[in-house]
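To keep things clear, I will list the structure first and then write my remarks on it.
Residue numbers (this note's numbering), protein chains in the order written: chain A, 11 to 166; chain D, 501 to 685.
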């Protein structure tokens, strides 16, 4: 059955290892940080400026889960919503390199590092994507590797 | 966990609690962080192999993180109730792996569990230890939703800073010598 949402998007066969996706960028506000932290990461160092200054972070910084979520959002907007993505299998080697502070602008690139057909599901390929997310000073803030399913046009 | 590094028992299982996901929160999270059609549009999601709306994996792990934080706070309160001074948790340096297995659909209840599998003193941050935590999440049918290997920081109660380091740190606080020393570290 044809997937009407993805039929005109790029499929597994249309991608190549080495493609680099520009993520664009997003500026992280104090309000964004606190809203996310209240719901998912209510440590004082993500909610309160005085507590944040006294912590290892040295100031109010976003939850690492929010930094990852924003990185994913940038990938969806710039790439995953233009290809026949069938969902993520998982992440490896997620590293929070530097905290994202109030007012920081993050962006960066994602590279396709591997493409292979699924052995058990011929309708899918597995693409491996490496994130390199940096702040406005070009300091690294997050790296991670995503394994994501993508529909094949011609199941082998 | 909110215990001193020295008090963490390897293999101890912490039930973090459970969470029922509804369609509204699945769409609300995904609209901000993972707006793929099968996470934000119930009608379009029928076209996908999921056959309907499913939660972003990033959403299910973010809820798992919240559950862990709540458990830390409860443990902190429990220790204070016993008249003990709780330990201190720090920010996480990273996650070794997260594997998404069975998708979470509206109405599913996910139960989270944490086990500390290993620990060691941090080489780079004095006075802190690293904890290696495994979180598993299962749905109401007992199916594995995801499993994650995470790294966390915990403060060392018994840490004594070597004299050499104490002197160096004191020097970095001096107005003239400090900036020069910091540049070198």
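Idealized CB from N, CA, C, for every residue including glycine.
Note that this is a predicted model, so its numbers are computed, not measured.
Within 8 Å, strictly: CB atoms of residue i and residue j
i: residue 516 of chain D; j: residue 571 of chain D; result: yes
i: residue 108 of chain A; j: residue 155 of chain A; result: no
i: residue 610 of chain D; j: residue 554 of chain D; result: no
i: residue 592 of chain D; j: residue 650 of chain D; result: yes
i: residue 505 of chain D; j: residue 601 of chain D; result: no
i: residue 637 of chain D; j: residue 560 of chain D; result: yes
i: residue 622 of chain D; j: residue 653 of chain D; result: yes
i: residue 8 of chain A; j: residue 640 of chain D; result: A question about residue 8 of chain A goes unanswered here, because the residues of chain A that appear run from 11 up to 166.
i: residue 648 of chain D; j: residue 563 of chain D; result: no
i: residue 70 of chain A; j: residue 62 of chain A; result: yes
i: residue 614 of chain D; j: residue 514 of chain D; result: yes
i: residue 25 of chain A; j: residue 90 of chain A; result: no
i: residue 73 of chain A; j: residue 47 of chain A; result: yes
Whole-number beta carbon distance between residue j and residue i, since they are thought to touch under 8 Å
i: residue 99 of chain A; j: residue 158 of chain A; result: 7 Å
i: residue 162 of chain A; j: residue 23 of chain A; result: 7 Å
i: residue 110 of chain A; j: residue 38 of chain A; result: 5 Å
i: residue 534 of chain D; j: residue 82 of chain A; result: 5 Å
i: residue 612 of chain D; j: residue 567 of chain D; result: 5 Å
i: residue 94 of chain A; j: residue 127 of chain A; result: 14 Å between Cβ atoms; not a contact.
i: residue 552 of chain D; j: residue 542 of chain D; result: 7 Å
Residue i classed as buried or exposed, judged by whether at least 16 other C-beta atoms fall within 10 angstroms
i: residue 712 of chain D; result: This structure does not reach residue 712 of chain D, given that chain D is present from 501 up to 685, and the question cannot be answered.
i: residue 79 of chain A; result: buried
i: residue 120 of chain A; result: buried
i: residue 655 of chain D; result: buried
i: residue 520 of chain D; result: exposed
i: residue 565 of chain D; result: buried
i: residue 617 of chain D; result: exposed
i: residue 51 of chain A; result: buried
i: residue 77 of chain A; result: buried
i: residue 665 of chain D; result: exposed
i: residue 502 of chain D; result: buried
i: residue 509 of chain D; result: exposed
i: residue 582 of chain D; result: exposed
i: residue 587 of chain D; result: buried
i: residue 684 of chain D; result: Here residue 684 of chain D scores only 44 on pLDDT, less than 50, and its place in the model should not be relied on; the value that follows carries that caveat. The residue in question, residue 684 of chain D, is exposed, as its Cβ has fewer than 16 Cβ neighbours within 10 Å.
i: residue 674 of chain D; result: exposed
i: residue 527 of chain D; result: buried
i: residue 576 of chain D; result: buried
i: residue 642 of chain D; result: exposed
i: residue 536 of chain D; result: buried
i: residue 60 of chain A; result: exposed
i: residue 27 of chain A; result: exposed
i: residue 540 of chain D; result: buried
i: residue 151 of chain A; result: buried
i: residue 667 of chain D; result: exposed
i: residue 30 of chain A; result: exposed
Residue i versus the options, residue with shortest Cα-Cα distance
i: residue 634 of chain D; options: D/597, D/556, D/641; result: D/597
i: residue 34 of chain A; options: A/72, A/88, A/76; result: A/88
i: residue 133 of chain A; options: A/151, A/160, A/110; result: A/160
i: residue 84 of chain A; options: A/130, A/32, A/127; result: A/32
i: residue 523 of chain D; options: D/538, D/549, D/586, D/612; result: D/538
i: residue 139 of chain A; options: A/164, A/123, A/129, A/128; result: A/123
i: residue 507 of chain D; options: D/642, D/661, D/675, D/629; result: D/629
i: residue 92 of chain A; options: A/164, A/14, A/18; result: A/18
i: residue 11 of chain A; options: D/632, D/525, D/549; result: D/549
i: residue 599 of chain D; options: D/579, D/645, D/578; result: D/645
i: residue 558 of chain D; options: A/96, A/75, A/36; result: A/75
i: residue 663 of chain D; options: D/544, D/626, D/518; result: D/626
i: residue 164 of chain A; options: A/151, A/131, A/150; result: A/131
i: residue 545 of chain D; options: A/136, A/13, A/30, A/21; result: A/13
i: residue 512 of chain D; options: D/606, D/573, D/632, D/525; result: D/632
i: residue 136 of chain A; options: A/101, A/36, A/67; result: A/101
i: residue 703 of chain D; options: D/667, D/584, D/529; result: Past the edges of chain D, shown from 501 to 685, lies residue 703 of chain D, and the structure says nothing about it.
i: residue 67 of chain A; options: A/30, A/49, A/106, A/36; result: A/106
The ligand COA heavy atom lying under 7 Å from the CB of residue i
i: residue 660 of chain D; result: The ligand COA is absent from the structure shown, which contains no ligands of any kind.
> When the Cβ atoms of the segment 106-126 of chain A are set against those of the segment 134-148 of chain A, are three or more pairs found closer than 8 Å?
Replying inline: Yes, since at least three Cβ pairs between the segment 106-126 of chain A and the segment 134-148 of chain A fall closer than 8 Å, the two stretches touch.
> With a cut-off of 8 Å, do at least 3 Cβ pairs link the segment 55-62 of chain A to the segment 35-47 of chain A?
Replying inline: By the Cβ criterion, the segment 55-62 of chain A is in contact with the segment 35-47 of chain A, since at least three pairs of Cβ atoms, one from each stretch, lie closer than 8 Å.
> Using a Cβ cut-off of 8 Å, which residues of the segment 595-626 of chain D contact any Cβ in chain C, in chain order?
Replying inline: Looking at the structure shown, chain C is missing, and the protein chains on hand are A and D.
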